[in-house]
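Enquirer: Protein chains in written order, with the working numbering: chain D, 1 to 248; chain V, 1001 to 1368.
Handing you a structure now.
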Amino acid sequence: MTEPISGPTSEPVAEPINGPIKGPASEPVAGPINGPIRVAVIDDHDVVHAGIEAWCRDADPPITVTRSYTDPAEFDPAASTGVDVVVLDLQFQEGRSGLDVLRRLVAAGLRVVVYTMSTDATTVLTCLDYGAACFLTKSEGKRHLVAAIQAAAANTPYLGPTMAGAMADDRRDERPVLSPREQEVLLHWFRTDSKNLVASALYISTATVNTHLARVRTKYAAVGRPATTKAALIARALQDGLITLDDV
Amino acid sequence: MTDQRGHRWYLTAFGIGVCLVAVVNTVSTFPFAVVGNPAGPALNVLCLAVFLAATGASALRIVRGNQWRVLAAAWIAAILTTSALLRSALPPDQIASIPDWSTGPLGFVALAVLLGQRVIFMVGVQLTNVLIGFACLLAAGLPDIETLIRFGSNAVGISVFQIAGALFYRQLARVATAAERDQRIRQDLDARDGTATQLAADRAQRSGAIESTIVPLLRAIADGSADAQAPLVRTAARVESARMRRLFAEIDAVDDPMLHEVRASIHAVERLGVAVVLETRGQVPPLPVPLRRALLETPMSTLASAISSARVVIIADDGSVSVSVVTDGPPGPVQPDGARWQVQTSTTTAPEVTWTQSTWTRSEEAQA
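Printed below as a string of structure tokens:
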């Protein structure tokens, strides 16, 4: 499909925030980004490293991949001051749990975009609960990954179609309350992977589609266990007027 | 009750009947024989108890339908031994007379114990019974002709009917086994016949579904009225080919028949170089073939028209199933039969993108 969709919106990616945001947790809060976004990739396949590095090079503006790791144990969060976003696979050889790695990275205040083969709804929701900035499947590809990295770096919400499917099917007690329209937008986004089609089907603009998706993502950040990355996302959504304090 | 159980029931009834005859024969003979019996009460009561116990155990075995060999041998040994003890305690002139009461019931008790075994065993028991009596008779020297006639007459009287009973039961069991085998074969044939009929009907239905669209297309290509190189004709051929592939995959013997059929359609377009993403949420409830066909026809036609990429999403719960296909090709023809199956189909287009979605919703009456 050739429909040009980039980022949570078709509009330019939000500007970096001005100054650090204090979250509910005591860990370091993801701070402002000056200059190019710096990304670390943790995935046990070299070919994935090469692909992500190429996509980041082609991004506008270009994203710098500082280093790629095949073994998550090699990545030291404490020594990762030069990294803005971590792209993390969940499936590693030798049975290492990607979820444990995610928890460790989020606890260190890092913004993490999960990029994996798994499409299981429970895994998606667990990752969001742990504080992942975004969950993408590898079939969702370049346009979603680049946009998700940019959104994570800016502490703005990004919601891929697989995430939307998991949220629309969320039956947990602790799920956030979504409006019928938000639920409808989620389902259509999951079905089509095209905001133009969602907008056409619901007779709304793509900007409204983006607003609904951003609100849903922020509502998810407001439930479950606290994390500095979630706090930063909520703070940014409040600043941008996506949500009010009543929503959280 | 099925025929099969009926055959076995006759055998059980016959067995219980034999046990009842054995008990009645034992108990009715015993009071007349025991009064003034020269063998004394202890041996008489012991013999009576062993006969009744063997008969009771046999009845239990028959009702439960168990087989026994070692226990049968043990019970036969027990009744022959107690009878022999009793008869050896009688004066020789009392053999084959009223005090020698155990010889009559012994045959029926042995028949109850040996039901289902080879008839030769029953013959052996009766022969042993007669020989024991003859041995007791010889203990007083050579018997006179009158005694021999009485003994022989008694021996025939206590053996023939019991052996005939064993023979009859054996034949009845053979008939029952043969009847069961015949019935299994008949049921198997009926099942094969039913399956073949259903398969033939399904094939005829599929053939009809294919012929209504693919045959005219092939005919048009054959007679030159349709150009096989024309994009529209090529698209129609792809749609029909994917449709055939899906119809061939229409089977219920898989975990999720609908997903199976969707995968068949996906496989057909992937072979043409289309990159397909399949996402599913929820468990598709069991749906009949015509409903699945009504639900899949339009989305799968759209899928077959994809040029380079497609996204297929199935979302299901107990009350509804939706199949959504987004492609970079034109929409497929709409399934005209959808409304009859509560299937709603919609198509939305954007530049170079087509989204077709069919949704089945369980009717309110069905939900109630």
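Idealized CB from N, CA, C, for every residue including glycine.
As the structure is a prediction and not an experimental result, all values here were calculated from the model.
1) Considering Cα atoms alone, identify which of V:L1090, V:F1121 and V:G1208 is closest to P1072 of chain V.
2) Which residues, in chain order, does the stretch 116-130 of chain D contribute to contact with chain V at a C-beta distance below 8 Å?
3) What residues in the stretch 1274-1300 of chain V have a beta carbon less than 8 Å from any beta carbon of chain D?
4) Would you tell me roughly how many angstroms separate the C-alpha atoms of R236 of chain D and L159 of chain D, rounded to the nearest one?
5) Spatial neighbours of R217 of chain D within its chain, please: C-beta separation below 6 Å, excluding the five flanking residues on both sides.
6) Quick check on DSSP: helix, strand or coil for R1271 of chain V?
7) Is the separation between the beta-carbon of A40 of chain D and that of F75 of chain D shorter than 8 Å?
8) Taking 7 Å as the cut-off, is the C-beta of Q1183 of chain V nearer than that to any heavy atom in the ligand ATP?
9) Under three-state DSSP, which class holds V1276 of chain V?
10) Looking at the secondary structure, which residues open and close the alpha helix (DSSP H) in which L1071 of chain V lies?
11) Please confirm whether V185 of chain D and H144 of chain D have their CB atoms less than 8 Å apart.
12) Taking 8 Å as the CB-CB limit, is Q1344 of chain V close to chain D?
13) Near L1115 of chain V, what residues of its chain come up, given a Cβ to Cβ distance below 6 Å and the 5 sequence neighbours on each side ignored?
14) For the alpha helix (DSSP H) containing Y158 of chain D, name the first residue and the last one.
15) Does the Cβ of D1144 of chain V have 16 or more other Cβ atoms within 10 Å, making it buried, or fewer, making it exposed?
16) DSSP puts L1247 of chain V in a beta bridge; with which residues?
17) Between the C-alpha atoms of N1066 of chain V and G1104 of chain V, what's the straight-line distance to the nearest angstrom?
18) Roughly how many angstroms separate the alpha carbons of V177 of chain D and R171 of chain D, rounded to a whole number?
19) What residue from V:Y1010, V:V1156 and V:A1054 has the CA that sits closest to W1068 of chain V's CA?
20) For the stretch 185-198 of chain D, which residues have a CB atom closer than 8 Å to at least one CB atom of chain V, in sequence order?
21) On a CA-only basis, which of V:Q1205, V:A1226 and V:G1056 is nearest P1290 of chain V? Give me that one, please.
22) Could you check whether S1322 of chain V and T1359 of chain V sit closer than 8 Å to each other, using their CB atoms as the reference points?
23) Where does the unbroken beta strand (DSSP E) through I1314 of chain V begin, and where does it stop?
24) On the DSSP letters alone, give me the boundaries of the beta strand (DSSP E) that L88 of chain D sits inside.
25) Straight-line CA distance for V112 of chain D to S1309 of chain V?
26) Measuring straight from C-alpha to C-alpha, what distance separates A121 of chain D and S97 of chain D?
27) Do you know whose CA, among V:I1079, V:V1050, V:D1093 and V:P1099, lies nearest N1037 of chain V's CA?
Expert: Working from what's here:
1) Residue 1072 of chain V sits at position 72 when you count from the first residue of the second sequence. Residue identity differs from the one stated: residue 1072 of chain V is Ala in this sequence, not Pro. The residue with the shortest Cα to Cα distance from A1072 of chain V is V:F1121.
2) T119 and A121
3) V1277, E1279, R1281 and G1282
4) For the purposes of this step, residue 236 of chain D is taken as the residue at position 236 of the first sequence. For the purposes of this step, residue 159 of chain D is taken as the residue at position 159 of the first sequence. R236 of chain D and L159 of chain D: Cα-Cα distance of roughly 15 Å.
5) As a position in the first sequence, residue 217 of chain D is number 217, starting the count at 1. Around R217 of chain D: P157 and L159.
6) Translated into the one-based positions of the second sequence, residue 1271 of chain V becomes position 271. Three-state DSSP puts R1271 of chain V in coil, outside helix and strand.
7) Locating residue 40 of chain D in the first sequence gives position 40, counting from the first residue. Locating residue 75 of chain D in the first sequence gives position 75, counting from the first residue. It is a contact, given that the beta carbons lie within the stated cut-off.
8) In terms of ligand content, the structure shown is empty, and the ligand ATP therefore cannot be addressed.
9) In the second sequence, the residue the question calls residue 1276 of chain V occupies position 276. Three-state result, V1276 of chain V: strand.
10) As a first step, residue 1071 of chain V must be located in the second sequence, where it is residue number 71. Here the alpha helix (DSSP H) through L1071 of chain V covers V1070 to S1088.
11) Here residue 185 of chain D is taken as the residue at index 185 of the first sequence, counted from 1. Here residue 144 of chain D is taken as the residue at index 144 of the first sequence, counted from 1. No, Cβ-Cβ distance for V185 of chain D and H144 of chain D is not below 8 Å.
12) Your numbering for residue 1344 of chain V matches position 344 in the second sequence. By this cut-off, Q1344 of chain V is not an interface position.
13) For this step, residue 1115 of chain V is matched to residue 115 along the second sequence. Closer than 6 Å at the Cβ level, and outside the excluded window around L1115 of chain V, lie G1015 and Y1169.
14) Position 158 of the first sequence, counted from the start, is the residue given in the question as residue 158 of chain D. Per DSSP, Y158 of chain D belongs to no alpha helix (DSSP H) and is neither H nor E.
15) Along the second sequence, one-based indexing puts residue 1144 of chain V at 144. Exposed: under 16 other Cβ atoms inside 10 Å.
16) Walking along the second sequence from the start, residue 1247 of chain V turns up at place 247. BP columns for L1247 of chain V are empty, so no partner.
17) Counted from its first residue, the second sequence places residue 1066 of chain V at position 66. Counted from its first residue, the second sequence places residue 1104 of chain V at position 104. Each residue's Cα considered, the two are about 27 Å apart.
18) Residue 177 of chain D sits at position 177 when you count from the first residue of the first sequence. Residue 171 of chain D sits at position 171 when you count from the first residue of the first sequence. Their Cα atoms are separated by approximately 11 Å.
19) The residue you call residue 1068 of chain V lines up with position 68 of the second sequence. Here the closest residue by C-alpha is V:A1054.
20) L187, F190, R191, T192, D193, S194, N196 and L197
21) For the purposes of this step, residue 1290 of chain V is taken as residue 290 along the second sequence, with counting starting at 1. Selected option, being the one with the closest Cα: V:Q1205.
22) To locate residue 1359 of chain V, count along the second sequence from 1; it is residue 359. To locate residue 1322 of chain V, count along the second sequence from 1; it is residue 322. Closer than 8 Å, so yes.
23) On the second sequence, position 314 is the one that residue 1314 of chain V refers to. Element bounds for I1314 of chain V: S1309 to A1316.
24) By one-based count along the first sequence, residue 88 of chain D stands at place 88. V85 to L88 is the span of the beta strand (DSSP E), which, as asked, contains L88 of chain D.
25) Working through the first sequence from its first residue, we reach residue 112 of chain D at position 112. Working through the second sequence from its first residue, we reach residue 1309 of chain V at position 309. Cα to Cα, V112 of chain D sits roughly 29 Å from S1309 of chain V.
26) Within the first sequence, residue 121 of chain D is the residue found at index 121, counting from 1. Within the first sequence, residue 97 of chain D is the residue found at index 97, counting from 1. Roughly 17 Å between the two C-alpha positions.
27) Counting from 1 along the second sequence, the entry for residue 1037 of chain V is found at position 37. Answer by Cα proximity: V:P1099.
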